[in-house]
Amino acid sequence: MDLPDEMAKKEEIPYLVNILLSGNQSLQVQVTQRLQSIALHDSDRNSYTYQLFLAPLVVMVKSPLFETSLIAWEALNKLVKSSPQMRDELLKIGFVETVRYSLTDKYTPVHVQTNLLDIIIQLLLNEADSSGMGLLVNVLLNKIASENEEQIEAEV
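Counted from 1, the sequence shown has number 1 at position 2 by numbering that gives the first Met the number 0; the numbering is strictly sequential.
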């Protein structure tokens, strides 16, 4: 049976996620920190709980607003560095595919691409399963090649 404070945490999560996704930047930092605290100290270690924390952060890191993306990037970096379970769940919810799509989408802001790639680097540095990340190498090589072609055309 759940202890009272554990139930309070579980009931608090949807409320915090709604605030996080509302776009209120003044509250996003506080809510993100609270979610991180719950995630890192929660005794209920199951996949569903981790996904509740990670999904809104992945949405936020893709924000065209630099500040929102930065807040989510900081939170994801902290979670990736602190928790092997968070690393595993981030990969399970399709983070690599999200990064791949963002790198190929010409409308994705550069700060979003940079933040996503930095999280991939942190995943690799913190020994996350890299088997699905091979797809990113081809995407990055194609991106470099197309940027080089654009640069050559601009010079001519």
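Virtual Cβ for every residue (Gly too), placed ideally from N, Cα, C.
With distance defined between alpha-carbon atoms, name the residue in the options nearest to residue i.
| i | options | result |
| --- | --- | --- |
| Ser46 | Ser82, Ile70, Lys61, Thr67 | Ser82 |
| Glu126 | Tyr49, Arg33, Lys80 | Lys80 |
| Val98 | Ile18, Val57, Ser145 | Val57 |
| Thr48 | Val16, Ser145, Asn114, Val111 | Val16 |
| Gln112 | Tyr14, Leu64, Lys77, Ser130 | Leu64 |
| Lys77 | Gln27, Ala38, Glu154, Gly22 | Ala38 |
| Leu69 | Leu124, Leu123, Val28 | Val28 |
| Leu90 | Leu123, Val109, Lys61, Tyr106 | Leu123 |
| His110 | Asn23, Lys61, Tyr14, Ser21 | Lys61 |
What residues in its chain sit with their C-beta under 6 angstroms from that of residue i, if we drop five residues either side in the sequence?
| i | result |
| --- | --- |
| Leu51 | Ile12 |
| Thr67 | Met59 |
| Ala74 | Thr31, Gln35, Leu56 |
| Thr107 | Ser101 |
Could you give the distance in angstroms between the alpha-carbon of residue i and the alpha-carbon of residue j?
| i | j | result |
| --- | --- | --- |
| Leu102 | Met85 | 23 angstroms |
| Asp1 | Glu10 | No answer about Asp1 holds up, because its pLDDT of 40 lies below 50 and its placement is not dependable. |
| Glu149 | Ile143 | 10 angstroms |
| Gly93 | Ile120 | 16 angstroms |
| Leu19 | Asn137 | 34 angstroms |
| Gly133 | Val95 | 10 angstroms |
| Ile118 | Trp72 | 7 angstroms |
| Glu146 | Glu152 | 10 angstroms |
| Asp128 | Asp87 | 7 angstroms |
What does a CB cutoff of less than 7 angstroms around residue i pick up in its chain, not counting 5 residues either side in sequence?
| i | result |
| --- | --- |
| Pro3 | Unreliable placement is indicated for Pro3, whose pLDDT of 42 sits below 50; the coordinate value is still reported in the next sentence. Excluding positions up to five away in sequence, the list is empty. |
Write down every uninterrupted run of the alpha helix (DSSP H) in the segment 43 to 69 whose length is 4 residues or greater and which is fully enclosed by it, in chain order.
-> Within the segment 43 to 69, the alpha helix (DSSP H) runs of at least 4 residues that lie entirely inside it are, in chain order, 46 to 60.
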